[in-house]
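Residue numbers (the numbering used here): 229 to 414.
From the three backbone atoms N, C-alpha and C, an ideal C-beta is built for every residue, glycine too.
Only a predicted model underlies this, so the values are computations on that prediction, with no experimental measurement involved.
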């Protein structure tokens, strides 16, 4: 029945419908399975099982990476746990929701359910994950640097600019696959 419904959609729009369905379904399952990823200092669970060792490892890794990058470009921060403090006592905390793991899983679902050869989708999914991870590192560095002198900008940049640009990048990666690479590699 679902396949019949999908086949009735104009072929020009099937890809975008599949993109939206994969995005919404993967987000739905994330929200069902992961709890506590949006707030600092909370217990994060996966299907009710506490996963704090993994969460602490991921947030420490990102916080340390952000600290190292900012230090190399001239920012002086002190890293304590998953927080980068500046001398004016402004700080930026990396929480599990900042890790991009949700978006990584979403792009994997989107690309792997997209039309095309499994061989090519596999390498493209890995490239997409790499690009999203690099973007996330840039995003976290920028947000942390902004907090030093303009902490009032954090909310807007975090909740609007970078959140939607992250999803727009996911859309562009899918679009590149569906409209260009899939056809070229067929």
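Proximity below 8 Å, CB of residue i to CB of residue j
| i | j | result |
| --- | --- | --- |
| residue 338 | residue 251 | yes |
| residue 385 | residue 371 | yes |
| residue 315 | residue 291 | no |
| residue 287 | residue 247 | no |
| residue 369 | residue 413 | no |
| residue 312 | residue 295 | yes |
| residue 405 | residue 342 | yes |
| residue 397 | residue 363 | yes |
| residue 268 | residue 321 | yes |
| residue 293 | residue 347 | no |
| residue 373 | residue 319 | no |
Coil, strand or helix - residue i by DSSP
| i | result |
| --- | --- |
| residue 246 | helix |
| residue 263 | strand |
| residue 293 | helix |
| residue 303 | coil |
| residue 275 | coil |
| residue 270 | coil |
Cβ distance (whole Å) where residue i is taken to contact residue j below 8 Å
| i | j | result |
| --- | --- | --- |
| residue 331 | residue 275 | That belief does not hold up - the Cβ atoms of residue 331 and residue 275 are roughly 20 Å apart, past 8 Å. |
| residue 390 | residue 376 | Their Cβ separation, rounded to whole angstroms, is 17 Å, which puts residue 390 and residue 376 out of contact at 8 Å. |
| residue 333 | residue 258 | 7 Å |
| residue 270 | residue 279 | 12 Å between Cβ atoms; not a contact. |
| residue 401 | residue 345 | Their Cβ separation, rounded to whole angstroms, is 17 Å, which puts residue 401 and residue 345 out of contact at 8 Å. |
Start-to-end residues for the beta strand (DSSP E) that takes in residue i
| i | result |
| --- | --- |
| residue 307 | 306 to 308 |
| residue 316 | Run containing residue 316: none; DSSP gives neither H nor E here. |
Bounding residues of the alpha helix (DSSP H) (the contiguous stretch that carries residue i)
| i | result |
| --- | --- |
| residue 332 | 329 to 341 |
Exercise for the section: Give, in chain order, every unbroken run of the alpha helix (DSSP H) that is at least 4 residues long and sits entirely within the stretch 371 to 408. Expected result: With a minimum length of 4 residues, the continuous alpha helix (DSSP H) runs that stay inside the stretch 371 to 408 are 391 to 404.
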